[in-house]
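K.L.:
Sending over a structure as structure tokens; questions will come in a sec.
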Amino acid sequence: RYIITLYTMINSVGSNNTHSTSQPSITILWATQSGHAKACARRTIRLLRSQHGYSGDIRGICSFDDFGFDHLLSLGRNQTNSDDNSNNVTLMFVSTTGDAEQCSTIQNTWNALLSKSLAPHTTLPSLRFALFALGDRAYGPEAFCAAGRKLAARLVQLGGGVVCPLGYGDDGSPNGGVFADLDVWLVEQLFPALEKCGVVNPRSENGSGNGHNCSVPLMQDLPYIVEIDSTSTGRSNTSDCDVRDASLEWQHCEYRQFYN
220 RYIITLYTMI NSVGSNNTHS TSQPSITILW ATQSGHAKAC ARRTIRLLRS QHGYSGDIRG
280 ICSFDDFGFD HLLSLGRNQT NSDDNSNNVT LMFVSTTGDA EQCSTIQNTW NALLSKSLAP
340 HTTLPSLRFA LFALGDRAYG PEAFCAAGRK LAARLVQLGG GVVCPLGYGD DGSPNGGVFA
400 DLDVWLVEQL FPALEKCGVV NPRSENGSGN GHNCSVPLMQ DLPYIVEIDS TSTGRSNTSD
460 CDVRDASLEW QHCEYRQFYN
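Take a look at the structure:
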């Protein structure tokens, strides 16, 4: 009888702890050729756990193609009341390879995202994401972090919302390269945005957090402007701006001011 009672008490305590520390989930995905994006993702996880006391579920922790296009779509679909993911966040770490191209570990997902059958603005209405792009300024402004910029533009075009400005990692940055730039982005952009709505704890606090009763703020201002080319999508353009080819949107000056 004593053993059974003790077992019940332990299970009860464990169940209560799980409930009390419940936090919005974070999905982490990367696209890498040399491993730098994966290393940035794993560093972010360590800091989430050690400096911000994040105890929620961290899902994915794999490449985009290992995660799968269908799973990515499910993150961006409208959720039911019983499965409300309005505060859940997806963190993306995306390297550029070759001639400003996507890495092999995201190529299948990227090709699927370019499908004309995906409706602008309504395909990923529930996706809340932050993206850290990796590249090398030595290749020039058009190629620098091009893969990450193109991905961010396409996700927003499909209805996704960003939680903070895009991060840029330069292989040539002094004192650490992309990892030095990552730390700056985490401290100045990502972590403050996640703290604001209680997705993670403030660095100076411990415990289960300070609540998460608000939606993650959406920032769809520059550099995430995407006009839709009606000739390639079959849909009329509703923007007051000139129609542009969506596949080239990432090259325009709205993006350059953020990394020049």
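Per the working numbering, residue 220 is the first one in the sequence shown, and the count goes up by one each step. Ideal Cβ positions, reconstructed from N, Cα and C, are used throughout, including at glycine.
1) What is the residue span of the alpha helix (DSSP H) that C281 lies within?
2) Assess contact between the segment 355-371 and the segment 315-322, defined as three or more Cβ pairs (one per stretch) separated by less than 8 Å. Is contact present?
3) Could you give the DSSP three-state label for G295: helix, strand or coil?
4) Quick one: grab the DSSP three-state call for G367.
5) For L332, report the span of its beta strand (DSSP E) as first-last.
6) With a CB to CB cut of under 7 Å and the five nearest residues on each side skipped, what residues in its chain are close to G428?
7) Can you tell which of F312, V308, R347 and N327 has its C-alpha closest to the C-alpha of R262?
8) Which residues in the same chain as P393 place their Cβ atom closer than 8 Å to its Cβ, once the five residues preceding and following it in sequence are excluded?
9) To the nearest angstrom, how far is the alpha carbon of A331 from that of T324?
10) Which residue from G391, L374 and F283 puts its Cα closest to that of T342?
11) With H, G and I counted as helix, E and B as strand and the rest as coil, what does DSSP make of Y273?
12) Take the Cβ of H431 as the centre, count every other Cβ of all protein chains shown within 10 Å, and call the residue buried at 16 or more, exposed below.
13) Do you know how far the Cα of D289 is from the Cα of W249?
14) Decide if S274 is buried, meaning its Cβ has at least 16 other Cβ atoms within 10 Å, or exposed.
15) From T328 to E361, what does the alpha carbon distance come to, in whole angstroms?
16) Specify, as a first and last residue, the run of the beta strand (DSSP E) that L350 falls within.
17) Is the Cβ-Cβ distance between G295 and L346 less than 7 Å?
18) Which same chain residues end up closer than 7 Å to W404 when comparing Cβ atoms and leaving out the 5 residues on each side of it in sequence?
19) Can you tell me whether D285 is helix, strand or coil according to DSSP?
20) Does DSSP classify A338 as helix, strand or coil?
21) Quick test of your reading: I245 and L337, contact by CB under 8 Å. State the CB separation rounded to the nearest angstrom.
22) Compare the C-alpha of A260 against each of T316, A349, N306 and L413 and name the closest.
23) Taking V254 as the reference, give the member of T316, A357, G272 and N306 with the closest Cα.
24) So what does DSSP say about V382, is it helix, strand or coil?
25) Apart from the five residues on each side of it in sequence, which residues of its chain come closer than 6 Å, Cβ to Cβ, to G378?
P.N.:
From the atom records:
1) Counting from one through the sequence shown, the residue named residue 281 turns up at place 62. Taken as a continuous stretch (DSSP letters only), C281 belongs to no alpha helix (DSSP H), being part of the beta strand (DSSP E) at I277 to S282.
2) yes
3) Within the sequence shown, the letter at position 76 stands for residue 295. Residue state, collapsed to three classes: helix.
4) Reading the sequence shown from its first residue, position 148 is the one you call residue 367. Reduced to three states, the DSSP call for G367 is helix.
5) In the sequence shown, counting from the first residue as 1, residue 332 sits at position 113. Segment Q326 to L332 is the alpha helix (DSSP H) holding L332; no beta strand (DSSP E) there.
6) Taking the first residue of the sequence shown as 1, we reach residue 428 at position 209. At G428 the pLDDT is 42, less than 50, meaning the model places this residue with poor confidence; the figure from the coordinates comes in the next sentence. Same-chain partners within the cutoff: Q242, G417 and N420.
7) By one-based count along the sequence shown, residue 262 stands at place 43. The candidate whose alpha carbon is nearest that of R262 is F312.
8) Translated into positions along the sequence shown, residue 393 becomes position 174. Contacts found: A399.
9) As a working mapping, residue 331 is identified with position 112 in the sequence shown. As a working mapping, residue 324 is identified with position 105 in the sequence shown. Each residue's Cα considered, the two are about 13 Å apart.
10) Counting from 1 along the sequence shown, the entry for residue 342 is found at position 123. Residue L374 is the option with its Cα nearest to T342.
11) Taking the first residue of the sequence shown as 1, we reach residue 273 at position 54. The answer is coil: DSSP assigns Y273 none of H, G, I, E or B.
12) Taking the first residue of the sequence shown as position 1, residue 431 is located at position 212. Note that H431 has pLDDT 39, beneath the 50 cutoff, so the model's placement of it is unreliable and the number below is only indicative. It counts as buried.
13) Your numbering for residue 249 matches position 30 in the sequence shown. Your numbering for residue 289 matches position 70 in the sequence shown. Approximately 16 Å between the Cα atoms of the pair.
14) Taking the first residue of the sequence shown as 1, we reach residue 274 at position 55. Per the 10 Å Cβ criterion, buried.
15) Counted from its first residue, the sequence shown places residue 328 at position 109. Counted from its first residue, the sequence shown places residue 361 at position 142. Spanning the two alpha carbons is a distance of roughly 22 Å.
16) For the purposes of this step, residue 350 is identified with residue 131 of the sequence shown, where counting begins at 1. L350 -> beta strand (DSSP E) spans R347 to G354.
17) Here residue 295 is taken as the residue at index 76 of the sequence shown, counted from 1. Here residue 346 is taken as the residue at index 127 of the sequence shown, counted from 1. Yes, the Cβ-Cβ distance between G295 and L346 is below 7 Å.
18) On the sequence shown, residue 404 is found 185 positions in, with the first residue counted as 1. Cβ within range, chain order: F351 and G386.
19) Counted from its first residue, the sequence shown places residue 285 at position 66. D285 falls in the helix class under three-state DSSP.
20) As a position in the sequence shown, residue 338 is number 119, starting the count at 1. Reduced to three states, the DSSP call for A338 is coil.
21) Mapped onto the sequence shown, residue 245 falls at position 26. Mapped onto the sequence shown, residue 337 falls at position 118. The Cβ separation is near 24 Å, so there is no contact.
22) As a position in the sequence shown, residue 260 is number 41, starting the count at 1. Comparing Cα positions, the closest option is A349.
23) The sequence position of residue 254 within the sequence shown is 35, counting from 1. Note that residue 254 is Gly in the sequence shown, not Val. Of the candidates T316, A357, G272 and N306, the one whose C-alpha sits nearest the C-alpha of G254 is T316.
24) Along the sequence shown, read from residue 1 onward, the residue named residue 382 stands at position 163. Coil.
25) As a first step, residue 378 is located in the sequence shown; it is residue number 159 there, counting from the start. Correct list, in chain order: H340, T341, T342, L343 and P344.
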